[in-house]
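K.L.:
Reading the first sequence from the start, the letters are residues 0 to 599 in numbering that gives the first Met the number 0. Every residue, glycine too, gets a C-beta built ideally from N, C-alpha and C. Source: prediction; values computed, not measured. Pasting a structure below so you can have a look.
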Amino acid sequence: MHLLWLSALARGPLRSLRRFGLLNSHPMSASDPNTVITRFAPSPTGHLHIGGARTALLCWAYAQRALKEGRNGRFLLRIEDTDQARSSESSTRGILEDLAWLGIDWADGPTVEYNGHTIGGDERGVGPYYQSQRLDLYNQHIDKLIESDHAYPAFETPEELEAKRKEAIEAKVGYKYDREALQIPREERMKRMAAGEPHVVRLKMPDEPIAVHDQILGDVTVGPDEFDDFIIRKRDGFPTYHLAVVVDDALMGVTHVLRGQEHLINTPRHIAIQQALGFSSPTYAHLPLIFNADGSKMSKRDKDKTAKKAVKDANLSTSPIEGLSDADFAKWLKDKTRQLPSDQLLTLAGMLRVHLPEIDVEDFRRAGYLPEALNNYLALLGWNPKAKNDDGTDVERFDMDYLAANYSFEGMGKGQAKFDRVKLLSFNGDAIAQLSDEEFAKRWHQWATSYDAALCARFSAADMLMLAPAVKTRCKTLADGRDVVGFAFIADDAIEYDGKALHKALLKGDAKGLEMLKLFVDELDSIDPFTPEAIEQGVAAFCEKHEVGMGKVAQPIRVAVTGGPVSPPLGQTLAIIGKDATRNRIDSCIRNAESPSQAT
RNA sequence: GGCCCCAUCGUCUAGUCUGGUCCAGGACACCAGGUUUUCAUCCUGGUAACGCGGGUUCGAAUCCCGCUGGGGUCACCA
Numbered sequence: 000m001h002l003l004w005l006s007a008l009a010r011g012p013l014r015s016l017r018r019f020g021l022l023n024s025h026p027m028s029a030s031d032p033n034t035v036i037t038r039f040a041p042s043p044t045g046h047l048h049i050g051g052a053r054t055a056l057l058c059w060a061y062a063q064r065a066l067k068e069g070r071n072g073r074f075l076l077r078i079e080d081t082d083q084a085r086s087s088e089s090s091t092r093g094i095l096e097d098l099a100w101l102g103i104d105w106a107d108g109p110t111v112e113y114n115g116h117t118i119g120g121d122e123r124g125v126g127p128y129y130q131s132q133r134l135d136l137y138n139q140h141i142d143k144l145i146e147s148d149h150a151y152p153a154f155e156t157p158e159e160l161e162a163k164r165k166e167a168i169e170a171k172v173g174y175k176y177d178r179e180a181l182q183i184p185r186e187e188r189m190k191r192m193a194a195g196e197p198h199v200v201r202l203k204m205p206d207e208p209i210a211v212h213d214q215i216l217g218d219v220t221v222g223p224d225e226f227d228d229f230i231i232r233k234r235d236g237f238p239t240y241h242l243a244v245v246v247d248d249a250l251m252g253v254t255h256v257l258r259g260q261e262h263l264i265n266t267p268r269h270i271a272i273q274q275a276l277g278f279s280s281p282t283y284a285h286l287p288l289i290f291n292a293d294g295s296k297m298s299k300r301d302k303d304k305t306a307k308k309a310v311k312d313a314n315l316s317t318s319p320i321e322g323l324s325d326a327d328f329a330k331w332l333k334d335k336t337r338q339l340p341s342d343q344l345l346t347l348a349g350m351l352r353v354h355l356p357e358i359d360v361e362d363f364r365r366a367g368y369l370p371e372a373l374n375n376y377l378a379l380l381g382w383n384p385k386a387k388n389d390d391g392t393d394v395e396r397f398d399m400d401y402l403a404a405n406y407s408f409e410g411m412g413k414g415q416a417k418f419d420r421v422k423l424l425s426f427n428g429d430a431i432a433q434l435s436d437e438e439f440a441k442r443w444h445q446w447a448t449s450y451d452a453a454l455c456a457r458f459s460a461a462d463m464l465m466l467a468p469a470v471k472t473r474c475k476t477l478a479d480g481r482d483v484v485g486f487a488f489i490a491d492d493a494i495e496y497d498g499k500a501l502h503k504a505l506l507k508g509d510a511k512g513l514e515m516l517k518l519f520v521d522e523l524d525s526i527d528p529f530t531p532e533a534i535e536q537g538v539a540a541f542c543e544k545h546e547v548g549m550g551k552v553a554q555p556i557r558v559a560v561t562g563g564p565v566s567p568p569l570g571q572t573l574a575i576i577g578k579d580a581t582r583n584r585i586d587s588c589i590r591n592a593e594s595p596s597q598a599t
């Protein structure tokens with residue numbers, strides 16, 4: 000909603016030839032030790048996953064650090080949409096907004112307007128930043144590889160290859176492409192390709208080990224037996240990820256590649272392409288992966304899994320959702336791999352009152368997490384600043400500025416990390432508690448505007464500001480802020496009294512609580528204005544006048560007004576419902592306490 | 001299964017490179033106390049880990065080997 004889509008700006012004409020020629024003389028090339036250019040290159044096939052957000056954050060931090068040290072530092076964003084079937088523009092849009100919300104700004108990349116400032120652009124003229132718009136560039140390089148005999152066309156169909164793969168698996172040997180296309184004389188190969196015969200292009204892998212000098216893991220060498228001549232251009236004419244990523248990183252001047260460890264085995268392939276093309280290799284750093292507490296992969300499917308379990312527990316067999324047929328619902332329920340669109344999933348979860356696990360950045364945002372807490376926790380998951388606070392504890396709580404000033408590969412762990420939601424919650428609670436009242440109220444209101452219409456309807460921005468000091472320390476997320484003041488959502492005549500609490504506060508012993516309560520109602524009129532401060536003062540004065548402790552008065556009022564023994568301080572509690580409601584509730588509580596039918 | 005990566009409290013981690021100052025430090029969670037008109041916050045204290053087996057060494061969480069365990073990857077996905 001704060002994001003303005005300016006994709007048209009990012010879609011300038013290709014100036015590929017000029018850029019291609021400029022490559023080696025570009026002032027910010029990989030050989031310049033004073034330059035750090037990192038990139039995040041998501042494929043727009045869904046929402047921004049929390050793991051992707053961490054990768055982006057660390058890429059951003061590494062470039063920012065260079066900048067802070069007076070060197071050249073740029074973080075660039077590129078959209079890897081070479082998978083025609085799975086990419087979508089709405090995904091791109093969501094990813095950009097999620098990054099912007101987190102405060103991970105990119106210097107180069109698609110241009111968006113977010114909360115009044117512009118992110119992205121093409122200052123260096125190395126765009127466009129959508130791979131689908133860079134096809135000419137890829138083809139130029141692929142042609143070059145074919146010409147220099149580093150790559151060759153191959154004509155087998157996917158089915159033929161699949162059959163061979165199956166055979167290999169049955170024979171329990173590792174499958175590798177058998178280079179059958181190389182049996183065809185080069186001249187004939189070229190002729191068939193020129194004639195338009197459907198084909199893929201494969202890279203001829205060198206027959207020697209390739210070493211990756213990883214900044215986190217150290218040197219990793221993989222032998223030639225582990226690789227076959229992999230495809231660099233698909234039958235549909237699009238490059239594969241491997242080719243596109245290498246060409247783009249080189250042409251965009253990327254110096255440091257930070258990515259998940261799942262890419263480690265891909266790196267030798269990328270180095271092979273770089274060598275064949277005469278590019279220098281960027282510096283690599285492979286980040287440890289993030290997992291669920293139970294060791295499973297943090298996957299979007301976790302949300303479906305949770306929902307399915309809830310449906311089964313509720314014994315629901317027909318679709319409760321409009322727009323989802325019973326047949327489709329049944330199919331979804333039966334098939335582990337089938338996923339529901341996120342809006343339907345959300346509706347379902349709301350109906351069944353289950354909490355879906357947050358997986359995408361958007362999920363955390365909806366659940367009321369603050370970007371600063373998310374960033375802090377994410378950075379700490381795998382990275383450690385190795386610094387001490389004055390009191391001798393380790394530095395763990397820090398902001399984006401600190402991250403940008405201190406992030407280095409040296410503090411990175413190597414092992415996989417489990418995502419601890421409880422610790423994140425603690426970080427978030429602390430981040431909320433640290434906000435000023437004004438800032439908290441602003442964020443709470445913004446959040447409610449997007450995600451909680453009922454809350455917005457009940458509380459004005461001014462109400463939220465008044466409640467801020469009471470709610471801040473009592474909620475872990477913006478979403479559970481409303482639970483703290485849940486009593487304000489109940490009608491005066493619908494309060495259900497907790498019998499035990501009522502007895503303890505009003506009737507126990509000499510029923511002093513009830514007596515105080517009766518006296519206090521008469522005092523209400525003298526409290527004016529009915530603000531938290533005035534109420535606190537009024538109650539304190541009342542206690543003094545009657546020579547009783549605060550507990551003898553506050554607890555009865557609290558129970559009378561909220562129905563239970565727990566609420567924020569009396570000031571906010573009474574102020575938010577107002578004087579009339581306070582009176583009504585106290586009156587009805589007194590009646591309730593004096594009624595002979597009063598149980599427990 | 002082949003190849004590759006990894007291994008300290010329940011979890012995230014410091015310490016490992018440059019063996020002794022580590023009967024292993026911090027954080028979250030948990031437990032116990034305290035402050036407070038309730039709750040929450042806050043404060044104090046506590047429980048809790050070097051995966052196993054061999055070496056090397058006067059001495060190993062730290063170095064070497066093996067095992068076990070976890071993960072990644074083996075697509076005309078990225």
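Mind checking which residues open and close the beta strand (DSSP E) that includes E112?
P.N.:
Within the first sequence, residue 112 is the residue found at index 113, counting from 1. Taken as a continuous stretch (DSSP letters only), the beta strand (DSSP E) holding E112 covers G108 to Y113.
K.L.:
Measuring alpha carbon to alpha carbon, tell me which of S42, M189, T476 and I141 ends up nearest F154.
P.N.:
Locating residue 154 in the first sequence gives position 155, counting from the first residue. Of the candidates S42, M189, T476 and I141, the one whose C-alpha sits nearest the C-alpha of F154 is M189.
K.L.:
For I585 and I489, what's the separation of their Cα atoms in angstroms?
P.N.:
Walking along the first sequence from the start, residue 585 turns up at place 586. Walking along the first sequence from the start, residue 489 turns up at place 490. Spanning the two alpha carbons is a distance of roughly 14 angstroms.
K.L.:
Between the Cα of T476 and the Cα atoms of L369, Y128 and W100, which residue gives the shortest distance?
P.N.:
Here residue 476 corresponds to residue number 477 of the first sequence, with the count starting at 1. That would be L369, whose Cα lies nearest to the Cα of T476.
K.L.:
Going by Cα to Cα distance, which pick from T305, I231, D325 and Y450 is closest to A348?
P.N.:
Translated into positions along the first sequence, residue 348 becomes position 349. That would be T305, whose Cα lies nearest to the Cα of A348.
K.L.:
Counting only the same chain and skipping the five closest in sequence on each side, list residues whose C-beta sits under 6 angstroms from that of V470.
P.N.:
Reading the first sequence from its first residue, position 471 is the one you call residue 470. Same-chain partners within the cutoff: G480 and V483.
K.L.:
Return yes when the Cβ of H46 is within less than 8 angstroms of the Cβ of G93, no when it is not.
P.N.:
As a first step, residue 93 is located in the first sequence; it is residue number 94 there, counting from the start. As a first step, residue 46 is located in the first sequence; it is residue number 47 there, counting from the start. Against a cut-off of 8 angstroms, the Cβ pair of H46 and G93 comes out as a contact.
K.L.:
Indicate whether N76 and R38 have their beta-carbon atoms separated by less than 8 angstroms.
P.N.:
Sequence index remark: in the first sequence, residue 76 carries index 77 (1-based). Sequence index remark: in the first sequence, residue 38 carries index 39 (1-based). Here the sequence assigns Leu to residue 76, which means Asn is not the residue at that position. Yes, they are a contact pair.
K.L.:
Is the stretch 94-111 close to the stretch 123-135, with three or more CB pairs under 8 angstroms?
P.N.:
Result yes; three or more Cβ-Cβ pairs closer than 8 angstroms.
K.L.:
Starting from N71, follow the beta strand (DSSP E) in both directions and report where the run begins and ends.
P.N.:
Indexing the first sequence from 1 puts residue 71 at position 72. Looking at the DSSP string, the run of the beta strand (DSSP E) that includes N71 is N71 to L76.
K.L.:
Thinking C-alpha only, which one of A99, A404 and E196 is nearest G72?
P.N.:
Locating residue 72 in the first sequence gives position 73, counting from the first residue. Of the candidates A99, A404 and E196, the one whose C-alpha sits nearest the C-alpha of G72 is A404.
K.L.:
Could you tell me the alpha carbon to alpha carbon distance between G412 and R53, rounded to whole angstroms?
P.N.:
Your numbering for residue 412 matches position 413 in the first sequence. Your numbering for residue 53 matches position 54 in the first sequence. G412 and R53: Cα-Cα distance of roughly 14 angstroms.
K.L.:
State yes or no: is the C-beta of I215 within less than 8 angstroms of the C-beta of A284?
P.N.:
Here residue 215 refers to the residue found at position 216 of the first sequence. Here residue 284 refers to the residue found at position 285 of the first sequence. A contact, by the Cβ cut-off of 8 angstroms.
K.L.:
Where are the beta strand (DSSP E) runs, 3 residues long or more, that stay fully inside the stretch 152-232, in chain order?
P.N.:
If we require 3 residues or more, the beta strand (DSSP E) runs fully inside the stretch 152-232 come out as 199-202, 209-213, 217-221 and 230-232.
K.L.:
What does a CB cutoff of less than 6 angstroms around A309 pick up in its chain, not counting 5 residues either side in sequence?
P.N.:
Along the first sequence, one-based indexing puts residue 309 at 310. Closer than 6 angstroms at Cβ, skipping near neighbours: L351 and V353.
K.L.:
What residue range does the beta strand (DSSP E) around Y450 cover?
P.N.:
Locating residue 450 in the first sequence gives position 451, where the first residue counts as 1. Y450 -> not in any beta strand (DSSP E); alpha helix (DSSP H) instead, spanning D436 to Y450.
K.L.:
Taking the DSSP output, what are the residues bridged to M411?
P.N.:
By 1-based counting over the first sequence, the position of residue 411 is 412. W382.
K.L.:
Quick check: what's the CA-CA separation for A540 versus L380?
P.N.:
In the first sequence, the residue the question calls residue 540 occupies position 541. In the first sequence, the residue the question calls residue 380 occupies position 381. Answer to the nearest angstrom: the Cα atoms are 51 angstroms apart.
K.L.:
How is the alpha helix (DSSP H) around R590 delimited, first residue to last?
P.N.:
The count along the first sequence starts at 1 and reaches residue 590 at position 591. Per DSSP, R590 belongs to the alpha helix (DSSP H) from L569 to E593.
K.L.:
Bridge partners for T600 per DSSP, in chain order?
P.N.:
In the structure as shown, the chain begins at 0 and stops at 599. Residue 600 is therefore absent and cannot be evaluated.
K.L.:
Compare the Cα-Cα distances from R365 to each of Q445, Y176 and L501 and report the closest residue.
P.N.:
Your numbering for residue 365 matches position 366 in the first sequence. Closest option to R365, Cα to Cα, is Q445.
K.L.:
Can you tell me which of E522, G414 and D235 puts its alpha carbon nearest to the alpha carbon of E196?
P.N.:
Against the first sequence, residue 196 aligns to sequence position 197. Of the candidates E522, G414 and D235, the one whose C-alpha sits nearest the C-alpha of E196 is D235.
K.L.:
Does the Cβ-Cβ distance between G548 and A478 come in under 8 angstroms?
P.N.:
In the first sequence, the residue the question calls residue 548 occupies position 549. In the first sequence, the residue the question calls residue 478 occupies position 479. Cβ distance not < 8 angstroms, so G548 and A478 don't count as in contact.
K.L.:
What residue range is occupied by the uninterrupted beta strand (DSSP E) comprising H545?
P.N.:
For the purposes of this step, residue 545 is identified with residue 546 of the first sequence, where counting begins at 1. From DSSP, H545 is part of no beta strand (DSSP E) but of the alpha helix (DSSP H) over P531 to H545.
K.L.:
Within the continuous beta strand (DSSP E) that includes Y612, where are the two ends?
P.N.:
Coverage of the chain is limited to positions 0 through 599, which leaves residue 612 absent and any answer about it impossible.
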